[in-house]
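A.B. asks: Note that the numbering used here numbers the sequence shown so that position 350 is 350, with each residue one more than the last.
Idealized CB from N, CA, C, for every residue including glycine.
Here it is: the structure, laid out below.
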Amino acid sequence: MNVLPAPDLSDSAILRVVAGIRPCRRTGVRLESEQLTLGARTKTVIHNYGHGGCGVTTSFGCAQLAADLVEASSSPPPPPRGTGVPPVISSPSFLPPIAILGAGVIALSTARELLSRAYQVTCYASAFAEHTTSNIAGALWLPTGIEFGSTHEAVARFQDILQRSKRAFSELDRERWGVERIPVYTPAYAAHEERFFNNATIDPPELLERLPLPGPPRAGRVFYTDFIHTPRFMRALVDDVSARGGALVERTFNSRDDLGRLDEPILVNCLALGARDLFDDHDLYPARGVLVHMKPQPLGYAIDDGYRYMFPREDALILGGCFDAGVDDPDPPEHIAQEILAHHRRFFGVS
Ligand SMILES: Cc1cc2nc3c(=O)[nH]c(=O)nc-3n(C[C@H](O)[C@H](O)[C@H](O)COP(=O)(O)OP(=O)(O)OC[C@H]3O[C@@H](n4cnc5c(N)ncnc54)[C@H](O)[C@@H]3O)c2cc1C
C-alpha cells in the first residue's frame, strides 16, 4: 500500500488562526418571494439565505431557483384567455433592474445567474467576496451543516438544489474556478450520514481496511468529491459578474428604510446573518467555526473527521474546526486552536 504524504503540523508551519460564522437557519434555506413595505415604498423581496455550512455547495442551485422567482415576479401577467391580445414577449428592455443585497457566494452566484438571463444587476454590500464568510469556507462540495427538513417535499427540494448545483459545477472551467476532485478519507469511528450520499451527487464511500495515511494504522472510508479553493472561486465569481456588466456598490443597510431607498423594484436578499435583524428572522442563528491555517501543502487529499477536518487549500492547509452553535464572536479563542492542532497531531501520530 502506498502511504500518502504526511502534513507538516509543526509550530513553525502555523500561519494564523481564523474564525468564520456560518449563517444557519433552523427551518432550512429561505427561498421565497414576498411583497414588503420598506420605508415609504413597496418592493418585491426574494429571499435566498440561511445556507449554514453548505453555502458553497448549494450556491449555484439556489441561484437558479432565486432567479426563477425573480422571473416569476418580473414577467408581465398573461392576457385574459380569449381576449385576442397577443402575449407580451419578455425582452431585456422590459426587465426591471435588480438589487442584490450582499456580495458573498450566494449573492454573487445569484447575480451571475440573473446576468446570464439578461437582467441588469447591482450588488450592494458592506463587504465583498474575499472579505466575507464565503472566503473562509474550505470548501468541500458536501451537503452537510445545513438543515433541510424531513418531509418528502423538503427532501425533494434539497435534492433538486444539489443536483442543479452539481451540474453547474461540472460546467465550470475547473482551473479558472479552483475546483478539483480529491479523495476524502474518513476514519471508521466517524459517523457516516447516509442522507448526504443518497442524492445522486456523490458516490457512496468505499470501505477500506486500512487508510493509506501516515500515522497509526486505522480502518475507514474514502469518497471522492470536489474541493473548492474558495479565494480563486470568489475571484472568478467577481470577474464573471463584472464582465457581464454587473455593478458592485459598497453600502451598509441599518434599517428597512435604507432598503426602501434603493431605486430597484426587486431586491434579492442574500444577506446571510444580516437578514436576522433586517427581516426579523428568528430562525437564523450563527455557528462559529475556528480554523488553523498552516503553510500551504499540496497533499492532494482531505480528511473528514466530523468537524475535525483537514483541507489542502492552495493558500493554506486548513485544519478544522468546530461548530459552535449560537456563537457569533469572530475572535478565535486560543484554546480551541490548540485543541484543533492537538487533534490533528494525534491523528497523524506526531506530538
Ligand atoms: C469555517 C467554515 C467552513 C465552511 N466550510 C464549508 C464547506 O466545506 N462547504 C460549503 O459548501 N460551505 C462551507 N461553509 C459555509 C459557507 O461558507 C456559507 O454557507 C456561505 O459562505 C454563506 O454565504 P452567504 O453569501 O450567504 O454569506 P456571506 O459570505 O456571509 O455574505 C453575506 C453578505 O451580506 C453582506 N451583509 C450582511 N449584512 C449586511 C448589511 N446589514 N448591510 C450590507 N451588507 C450586509 C455581507 O457584507 C456579505 O457581503 C463553511 C463556513 C465556515 C464558517
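With respect to the beta strand (DSSP E) encompassing alanine 316, which residues constitute its N-terminal and C-terminal limits?
C.D. replies: If you number the sequence shown from 1, residue 316 lands on position 316. Residues 316-320.
A.B. asks: Using the Cα positions of threonine 144 and leucine 262, report the straight-line distance between them to the nearest angstrom.
C.D. replies: Residue numbering aside, residue 144 sits at position 144 when the sequence shown is read from its first letter. Residue numbering aside, residue 262 sits at position 262 when the sequence shown is read from its first letter. Near 35 angstroms, if we compare the C-alpha coordinates of leucine 262 and threonine 144.
A.B. asks: What I want to know is whether the C-beta of valine 105 ends up closer than 7 angstroms to one or more non-hydrogen atoms of ligand 1.
C.D. replies: The residue you call residue 105 lines up with position 105 of the sequence shown. Valine 105 Cβ: within cutoff of ligand 1.
A.B. asks: To the nearest whole angstrom, what separates the beta carbons of proline 212 and valine 45, a pair I think is in contact under 8 angstroms?
C.D. replies: Locating residue 212 in the sequence shown gives position 212, where the first residue counts as 1. Locating residue 45 in the sequence shown gives position 45, where the first residue counts as 1. Not quite, the Cβ-Cβ distance comes to about 50 angstroms (not below 8 angstroms), so this is no contact.
A.B. asks: Helix, strand or coil, according to DSSP, for leucine 95 in the structure here?
C.D. replies: For the purposes of this step, residue 95 is identified with residue 95 of the sequence shown, where counting begins at 1. If DSSP states are grouped into helix, strand and coil, leucine 95 belongs with coil.
A.B. asks: Along the chain, where does the alpha helix (DSSP H) that runs through glutamine 35 open and close?
C.D. replies: In the sequence shown, the residue the question calls residue 35 occupies position 35. Looking at the DSSP string, glutamine 35 is not in any alpha helix (DSSP H); the run it does join, the beta strand (DSSP E), is 30-38.
A.B. asks: Closer than 7 angstroms to a non-hydrogen atom of ligand 1 - does that hold for the CB of histidine 293?
C.D. replies: As a working note, residue 293 is residue 293 in the sequence shown. Not under cutoff, so the answer is no.
A.B. asks: Any heavy atom of ligand 1 closer than 7 angstroms to the beta-carbon of leucine 140?
C.D. replies: Your numbering for residue 140 matches position 140 in the sequence shown. Indeed, a heavy atom of ligand 1 lies less than 7 angstroms from the Cβ.
A.B. asks: Measuring only the C-alpha atoms, how far is glycine 289 from alanine 337?
C.D. replies: The count along the sequence shown starts at 1 and reaches residue 289 at position 289. The count along the sequence shown starts at 1 and reaches residue 337 at position 337. Approximately 11 angstroms, taken between the alpha carbons.
A.B. asks: If you measure from the CB of lysine 191, is any heavy atom of ligand 1 nearer than 7 angstroms?
C.D. replies: In the sequence shown, counting from the first residue as 1, residue 191 sits at position 191. Reading off the sequence, residue 191 comes out as alanine, not lysine. Result no, Cβ not under 7 angstroms from ligand 1.
A.B. asks: Entirely within the region 136-199 and at least 3 residues each: give me those beta strand (DSSP E) ranges in chain order.
C.D. replies: Listed in chain order, they are 179-187.
A.B. asks: Cβ of valine 238 versus every heavy atom of ligand 1: is any distance shorter than 7 angstroms?
C.D. replies: Reading the sequence shown from its first residue, position 238 is the one you call residue 238. False, no ligand heavy atom lies under 7 angstroms from that Cβ.
A.B. asks: Which residue marks the beginning of the beta strand (DSSP E) containing phenylalanine 223, and which one marks its end?
C.D. replies: The residue labelled residue 223 in the question sits at position 223 within the sequence shown. Unbroken beta strand (DSSP E) run through phenylalanine 223: 220-228.
A.B. asks: Any chance you could list the alpha helix (DSSP H) runs of at least 4 consecutive residues sitting entirely within the region 233-296, in chain order?
C.D. replies: List check, alpha helix (DSSP H) in window: 256-260 and 275-278.
A.B. asks: Whole angstroms is fine: what's the gap from alanine 243's alpha carbon to tyrosine 189's?
C.D. replies: As a position in the sequence shown, residue 243 is number 243, starting the count at 1. As a position in the sequence shown, residue 189 is number 189, starting the count at 1. Cα to Cα, the separation comes out at about 47 angstroms.
A.B. asks: Give the straight-line distance between the Cα atoms of serine 12 and methionine 294, rounded to the nearest whole angstrom.
C.D. replies: Numbered from 1 along the sequence shown, position 12 holds the residue referred to as residue 12. Numbered from 1 along the sequence shown, position 294 holds the residue referred to as residue 294. Going by the C-alpha atoms only, they are around 9 angstroms apart.
A.B. asks: Can you give me the C-alpha to C-alpha distance between glutamate 194 and glycine 306, rounded to a whole angstrom?
C.D. replies: The residue you call residue 194 lines up with position 194 of the sequence shown. The residue you call residue 306 lines up with position 306 of the sequence shown. Rounded to whole angstroms, glutamate 194 to glycine 306 spans 14 angstroms at the Cα level.
A.B. asks: Answer yes or no: the CB of arginine 251 versus the heavy atoms of ligand 1, is any distance below 7 angstroms?
C.D. replies: Here the question's residue 251 lines up with position 251 in the sequence shown. Yes; taking the cut-off as 7 angstroms, the Cβ of arginine 251 has a heavy atom of ligand 1 nearer than that.
A.B. asks: Would the beta-carbon of arginine 352 be found less than 7 angstroms away from any heavy atom of ligand 1?
C.D. replies: Any property of residue 352 remains undetermined from this structure, which presents the chain solely from 1 to 351.
A.B. asks: Smallest Cα separation from phenylalanine 196: which of Ser150, Glu171 and Ala129?
C.D. replies: Indexing the sequence shown from 1 puts residue 196 at position 196. Of the listed residues, the one whose Cα sits closest to phenylalanine 196 is Ser150.
A.B. asks: Check each candidate in Thr186, Glu147, Ala129 and Asp226 and name the one with the smallest Cα separation from glutamate 175.
C.D. replies: Position 175 of the sequence shown holds residue 175. Comparing Cα positions, the closest option is Asp226.
A.B. asks: Distance check for glycine 349 and leucine 36, CA to CA, integer angstroms please.
C.D. replies: Here the question's residue 36 lines up with position 36 in the sequence shown. Here the question's residue 349 lines up with position 349 in the sequence shown. Going from the Cα of leucine 36 to the Cα of glycine 349 covers about 57 angstroms.
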